[in-house]
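S.K.: This is the structure, below, for whatever I ask next.
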Amino acid sequence: MKGRSNKNDTIAAITTPLAEGGIGVIQVTGPGALDAAGRVFRRKRGEKNLLGASSGDLFYGVVSLPGGGSSGVIDEAIVCVWRAEDSLTGEDLVEISCHGGPRAVRNTLNAVTGAGAREATWAEFLVRGRENNRMDSLQAEALRAVIHAKTRLSVWVLVAQQSGLLSGRLSKLETDCRLLSGRTGDGVLTDRTRKNVSKKLALLVSGLEELLDSSSFGLALTSPQRVSIAGAPNVGKSTLFNTLLKTQRSIVHHLPGTTRDYINEYLSIRGVPFELVDAAGLREADQYVEKKGVEWALEQHRCADRVLLVFDGTRGITGQEWDWVEALRQDGDVDMKKIIPVINKIDLGVRLDGTVLDTVLERPACLISAIDGRGLELLENALVGEYMTFIEDMKDIATPCRWPLRRGSGRCCQMHGTWQRWPWTPSTPQRPLIKNPWRRLAAD
Ligand SMILES: Nc1nc2c(ncn2[C@@H]2O[C@H](COP(=O)(O)OP(=O)(O)OP(=O)(O)O)[C@@H](O)[C@H]2O)c(=O)[nH]1
Ligand SMILES: [Mg+2]
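Just so we're aligned, residue 1305 is where the sequence shown starts under this note's numbering, counting upward by one.
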């Protein structure tokens, strides 16, 4: 059982998945970490004991139940010690790598908790890291998010943030703000100073807005957008699904009505993760199973962040397809901006007039062949185009949180406005204060 939190106690957690694998890791941190680990671990070779260890020292030996001696050996392990000044938590930290597998790992954790450590979660390790100034909230957030990262780019960006790149950007803006508030002073305020302060505040606003602009990219990297593939039966939805995934995941057949259940898979487009959903073709259905398929498909399109609305380019748009477009348009939960029209099967020649779609859906259709891959680059651009500048040269500032920044930028804009207006009456006794607008960012 996990006990009550106490800032100064010694805690232990399993920090690898509780599953079958080569090794499992238990971490112990706190003032008594070395003592607790020392009571259950006995090295096989060498003299130095854990209490005298320096950061990075490795020990090979056995783990026993506390007081169990050689008869109570429960596993073999490698122990690594990190002293407070070098550890993630800012406290002495011991990493015990024992054999993997849920039972082996639990046995070792039980031994450590039997020696006085309290079982905790890995999140508590991060809290301690923050409390001991080993990281700020942005770094802790990045560390938490990296576990769920789905693409190489997501990992790259989050590791950069964990090392402090984004925090550095913010603290530079913070320093500028502090310097500015020092410079406004108490003396007589000349018009020149007022203009100067106002100009610097405008720079702060644009610095914050640049970070804010990056938040849609940061969020796209950390919470994959759901992209569903919609359209009438047989237009090539499942073929497109398979081609984008580069694997035969969904059944393709020349007869309409092949897909009934929806299927979802993760996919990376130029490093941005997406969750792709293939679903039943939209049609008037009579039978229960077909009806259910269409119902579920509609639900998927409602919940999706983007919908690829596919048409068969070898023929015109049918009345029933227009009815579905209209139904999606009128569905309060479907934002038309999220719909990307796609004309498929261009390898067979295009007979569909795309301009009518452009007018109704307010964006040009992507012409593709899901079978031979023609035009897929355009489709991918439609999904990641807005992130390209960040992907190419601004990866470090992709902030995964939006609201604190929006509040900070709002406060900064307010101060800027106040300074531009000041003095609003000649007798206004106090000049407007300049406060750190994102002061609460760390706490938000
Ligand atoms: N020539 C050509 N044929 C295609 C293309 N895309 C799909 N097809 C064919 O169209 C037929 C239907 O493809 P599917 O991918 O099963 O269509 P669907 O929209 O998933 O159909 P349902 O699951 O029934 O709604 C198959 O015979 C595919 O080989 C394409 O780009 N070019
Ligand atoms: Mg299908």
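We put the CB at the ideal spot given by N, CA and C, even for glycine.
Could you tell me the distance, in whole angstroms, from the CA atom of Glu-1423 to the CA atom of Val-1332?
M.R.: Those two C-alpha atoms are separated by around 9 Å.
S.K.: Would you say the beta carbon of Ala-1584 comes nearer than 7 Å to a heavy atom of ligand 1?
M.R.: Yes, since a heavy atom of ligand 1 falls inside the 7 Å radius drawn around the Cβ of Ala-1584.
S.K.: So Val-1450 packs on Val-1431, CB below 8 Å; how close in whole Å?
M.R.: That pair is no contact at about 17 Å.
S.K.: Please work out which residues of its chain come closer than 6 Å, Cβ to Cβ, to Trp-1460, disregarding the five sequence neighbours upstream and downstream, and give them in chain order.
M.R.: Cβ within range, chain order: n/a, list empty.
S.K.: Verify whether the separation of the beta carbon atoms of Leu-1544 and Glu-1569 is less than 8 Å.
M.R.: It is not a contact, given that the beta carbons lie outside the stated cut-off.
S.K.: Identify whether Glu-1399 lies in helix, strand or coil by the three-state DSSP scheme.
M.R.: In the structure shown, Glu-1399 sits in a strand (DSSP, three-state: E or B).
S.K.: Identify the continuous alpha helix (DSSP H) that holds Pro-1406 and give its terminal residues.
M.R.: Per DSSP, Pro-1406 belongs to the alpha helix (DSSP H) from 1406-1418.
S.K.: Return the chain-ordered list of same chain residues with a C-beta closer than 7 Å to the C-beta of Trp-1728, the five sequence neighbours on each side being excluded.
M.R.: Reliability fails at Trp-1728, whose pLDDT of 46 lies under 50, so the model's placement of it is uncertain and the value that follows must be treated cautiously. Hits under 7 Å: none found.
S.K.: Over the uninterrupted beta strand (DSSP E) stretch that includes Glu-1351, give me the two end residues.
M.R.: Glu-1351 -> no beta strand (DSSP E), and no H or E assigned at all.
S.K.: Kindly examine ligand 2 and report whether one of its heavy atoms sits closer than 7 Å to the Cβ of Leu-1541.
M.R.: It should be noted that the sequence gives Lys, not Leu, for residue 1541. Yes, the Cβ of Lys-1541 comes within 7 Å of a heavy atom of ligand 2.
S.K.: Of the residues Ile-1650, Thr-1693, Ala-1427 and Gly-1328, which one's Cα is nearest the Cα of Val-1409?
M.R.: The option with the nearest alpha carbon to Val-1409 is Gly-1328.
S.K.: Would you check if there are 3 or more beta carbon pairs closer than 8 Å linking the stretch 1507-1519 to the stretch 1465-1477?
M.R.: Verdict: yes, contact present.
S.K.: Could you spell out where the beta strand (DSSP E) holding Gly-1535 opens and where it closes?
M.R.: Looking at the DSSP string, the run of the beta strand (DSSP E) that includes Gly-1535 is 1529-1535.
S.K.: Let me confirm a value: Pro-1733 is counted as buried when at least 16 other C-beta atoms fall within 10 Å, else exposed. Which label applies?
M.R.: Because the pLDDT of Pro-1733 is 45, which lies under 50, any placement of that residue in the model is unreliable, and the number read from its coordinates should be weighed accordingly. Answer is exposed; the Cβ neighbour count stays below 16.
S.K.: Where does Glu-1382 fall in DSSP's three states?
M.R.: Contrary to the premise, residue 1382 reads as Ile rather than Glu in this sequence. Looking at Ile-1382 - three-state DSSP - the assignment turns out to be strand.
S.K.: Whose C-beta lies closer than 8 Å to the C-beta of Asp-1379 among residues of the same chain, with five residues either side of it excluded?
M.R.: Closer than 8 Å at the Cβ level, and outside the excluded window around Asp-1379, lie Val-1366, Val-1367, Cys-1402, His-1403, Ala-1408, Asn-1411 and Thr-1412.
S.K.: From the DSSP output, in three-state form, read off Tyr-1570 for me.
M.R.: Three-state DSSP puts Tyr-1570 in a strand.
S.K.: Run the proximity test for Ser-1532: is its beta-carbon closer than 7 Å to any non-hydrogen atom belonging to ligand 2?
M.R.: The answer is no for Ser-1532.
S.K.: Have a look at the DSSP bridge pairing and note the partners of Gln-1331.
M.R.: BP columns for Gln-1331 point to Ala-1317 and Glu-1399.
S.K.: Taking only heavy atoms of ligand 2 into account, decide whether any of them is closer than 7 Å to the Cβ of Ser-1510.
M.R.: It does not: the Cβ of Ser-1510 is nowhere closer than 7 Å to a heavy atom of ligand 2.
S.K.: Can you list, in chain order, the residues of its chain whose CB lies under 6 Å from that of Ala-1746, leaving out five sequence neighbours each side?
M.R.: Note that Ala-1746 scores a pLDDT of 42, beneath 50, so its modelled location is shaky and nothing firm can be said.
S.K.: Once the 5 residues before and after Glu-1684 are set aside, which same chain residues still bring their CB inside 8 Å of it?
M.R.: Ile-1573 and Arg-1574, listed in sequence order.
S.K.: Taking 8 Å as the cut-off, does the stretch 1530-1543 touch the stretch 1607-1615 (at least 3 CB pairs, one atom from each stretch)?
M.R.: Counting Cβ pairs under 8 Å, three or more are found: they touch.
S.K.: Just to check, is the beta-carbon of Thr-1551 closer than 7 Å to a non-hydrogen atom of ligand 2?
M.R.: No, since every heavy atom of ligand 2 falls outside the 7 Å radius drawn around the Cβ of Thr-1551.
S.K.: Give a single yes or no on whether Thr-1562 has its beta carbon closer than 7 Å to a heavy atom of ligand 1.
M.R.: Checking every heavy atom of ligand 1 against the Cβ of Thr-1562, one is found closer than 7 Å.
S.K.: So is the beta-carbon of Ile-1567 under 7 Å away from any non-hydrogen atom of ligand 1?
M.R.: False, no ligand heavy atom lies under 7 Å from that Cβ.
S.K.: Using the three-state DSSP reduction, which class does Asp-1651 fall into: helix, strand or coil?
M.R.: Helix at Asp-1651.
S.K.: According to DSSP, which residues form a beta bridge with Glu-1579?
M.R.: Its beta-bridge partners are Arg-1530 and Tyr-1570.
S.K.: Cβ of Arg-1343 within 8 Å of Cβ of Phe-1363?
M.R.: Against a cut-off of 8 Å, the Cβ pair of Phe-1363 and Arg-1343 comes out as no contact.
S.K.: For Phe-1345, which beta-bridge partners are listed by DSSP?
M.R.: According to DSSP, which records beta bridges pairwise, Phe-1345 is partnered with Val-1367.
S.K.: Can you give me the C-alpha to C-alpha distance between Ser-1261 and Leu-1632, rounded to a whole angstrom?
M.R.: As displayed, the chain neither begins before 1305 nor continues past 1748, which places residue 1261 out of reach and without an answer.
S.K.: When you compare each of Cys-1384, Asp-1339, Pro-1528 and Pro-1406 to Gly-1420 by their alpha carbons, which one comes out closest?
M.R.: Minimum Cα distance to Gly-1420 is reached at Asp-1339.
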